[in-house]
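Have a look at the structure below before the remarks.
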Amino acid sequence: MRRGRGKPPAPVRVLTRRPTPEQIQICFIAERSHKQKMDKRWSLQGTTALVTGGGSGIGHAIVEELAGFGCKVHACDLSETLLKQSLCEWEKKGFQVSGSVCDVSSRSERENLMQTVSKMFNGKLNILVNNVGAARVKPTIECLEDDFSFHISTNLESAYHLSQLSHPFLKASGSGSIVFISSCAGVVSINCGISIYSLTKGALNQLARNLACEWAKDGIRANAVAPNFINTALAQPVINDTFQLCFLLSNYHHQLLSFLFLNLVNNQFLDDAGFSKSVSSRTPLGRPGEPKEVASLVAFLCLPAASYITGQTICVDGGLTVNGFSYQPQA
Numbered sequence: 001m002r003r004g005r006g007k008p009p010a011p012v013r014v015l016t017r018r019p020t021p022e023q024i025q026i027c028f029i030a031e032r033s034h035k036q037k038m039d040k041r042w043s044l045q046g047t048t049a050l051v052t053g054g055g056s057g058i059g060h061a062i063v064e065e066l067a068g069f070g071c072k073v074h075a076c077d078l079s080e081t082l083l084k085q086s087l088c089e090w091e092k093k094g095f096q097v098s099g100s101v102c103d104v105s106s107r108s109e110r111e112n113l114m115q116t117v118s119k120m121f122n123g124k125l126n127i128l129v130n131n132v133g134a135a136r137v138k139p140t141i142e143c144l145e146d147d148f149s150f151h152i153s154t155n156l157e158s159a160y161h162l163s164q165l166s167h168p169f170l171k172a173s174g175s176g177s178i179v180f181i182s183s184c185a186g187v188v189s190i191n192c193g194i195s196i197y198s199l200t201k202g203a204l205n206q207l208a209r210n211l212a213c214e215w216a217k218d219g220i221r222a223n224a225v226a227p228n229f230i231n232t233a234l235a236q237p238v239i240n241d242t243f244q245l246c247f248l249l250s251n252y253h254h255q256l257l258s259f260l261f262l263n264l265v266n267n268q269f270l271d272d273a274g275f276s277k278s279v280s281s282r283t284p285l286g287r288p289g290e291p292k293e294v295a296s297l298v299a300f301l302c303l304p305a306a307s308y309i310t311g312q313t314i315c316v317d318g319g320l321t322v323n324g325f326s327y328q329p330q331a
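UniProt numbering puts the first residue of the sequence shown at 1, with every later residue one more than the last.
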């Protein structure tokens, strides 16, 4: 025998036996069952939602995202004009969305809103997105009692009370999810004259933790989403005019300021080249966010796929809140 040569390997037997019809049927059923389970985990078909401040900006994007997953959504907004425009847009896209005008800083209007939602969804609600927020931008030492009351009623009390009112409907659904739209200003300090605003957003983060523990027994989850500065789609001339008018009349009629903070204040800041560059330079991803980038996380937290996530505050900020000692200004 020559060195290096051994026995040739045994031939590999290839089984060519065809599966029986019964085996094919079993495999087909198993595959279909697996697909159905996966589809249910990533679908909101048959669920219902209430989104506050849904007429524009982040709220508008959240409504679209939830509706795109098959959810029936009721959106409320202070602006009747924006809401009507959005409802027409959603109808053309085939989304199941209804709407009502509501100032969520008003207790009576919140109660009327929840009565409407209860009737519309037969006493059951799967998702509550507390999205409304507003701010008066001024140094802390210049803030008055009215400024404090305004922020508390609009940003915090509204979300707290709507959560209370929605509790029986969320519980009745068997699988409830609350999402608070907070802000990275409630996680880290952002020095631009919004100390009371930041205070209310930090409180929302804590409220999410408390409700997550207290209402878990009722099948209700609660989380907070904390965006960085977000680009919105409102026309800049309208934003500038509204922004100036709001601050001139804010002490007289605070309803004018109940538009989303991220719809008005952010665009005012982002239109300032210096401020925009400053924010981007501190954000590792180097840019502001888009509404859909916030909305996608909100929708995920409401999906069955996220059924074990509760009590969390998740920042959608391009890395801003974690950019600590490693911070290097971008050129």
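Built from N, CA and C at the ideal position, the CB exists for glycine as well.
These numbers come from a predicted model, not from an experiment.
- Ranked by Cα distance from Phe150, the options His167, Val132, Glu80, Leu165 are led by Val132.
- Per DSSP, Ser175 lies in no beta strand (DSSP E) segment and is marked neither H nor E.
- One Cα belongs to Ser198, the other to Ala224, and the distance between them is close to 14 angstroms.
- Exclusion of the five residues before and after Cys315 leaves Cys184, Val187, Ala226, Thr321 as the residues of its chain whose Cβ lies within less than 7 angstroms of its Cβ.
- Proximity of the region 275 to 290 to the region 36 to 54 falls short of the contact definition, fewer than three beta-carbon pairs being nearer than 8 angstroms.
- By the Cβ test, the region 171 to 182 is in contact with the region 117 to 136, since at least three Cβ pairs between them sit closer than 8 angstroms.
- Runs of the beta strand (DSSP E) lying entirely within the region 36 to 75, each at least 3 residues long, are 48 to 52 in chain order.
- The way I'd put it, the region 137 to 146 doesn't touch the region 87 to 106; fewer than three beta-carbon pairs between them come closer than 8 angstroms.
- Exclusion of the five residues before and after His161 leaves Arg107, Arg110 as the residues of its chain whose Cβ lies within less than 8 angstroms of its Cβ.
- Counting C-beta pairs closer than 8 angstroms gives three or more between the region 72 to 80 and the region 57 to 64, which meets the contact rule.
- Ser56 counts as buried, since no fewer than 16 other beta carbons sit within 10 angstroms of its beta carbon.
- Looking at Leu170, Ser100, Ser278, Phe229, the one whose alpha-carbon comes closest to that of Lys217 is Leu170.
- For Leu156 against Ala203, the beta-carbon gap comes to about 5 angstroms, under 8 angstroms, which counts as contact.
- C-alpha of Met114 to C-alpha of Lys92: approximately 26 angstroms in a straight line.
- Ile190 and Asn130 have their C-alpha atoms roughly 22 angstroms apart.
- Listed as beta-bridge partners of Ile230 by DSSP are Gly289.
- The three-state secondary structure of Gly202, taken from DSSP, is helix.
- Where Leu128 is concerned, the enclosing beta strand (DSSP E) starts and stops at 127 to 130.
- Taking C-beta atoms under 8 angstroms as the contact rule, Gly99 and Leu83 qualify, at a distance of about 5 angstroms.
- Here Phe229 really is in contact with Val279; their C-beta atoms are around 5 angstroms apart, less than 8 angstroms.
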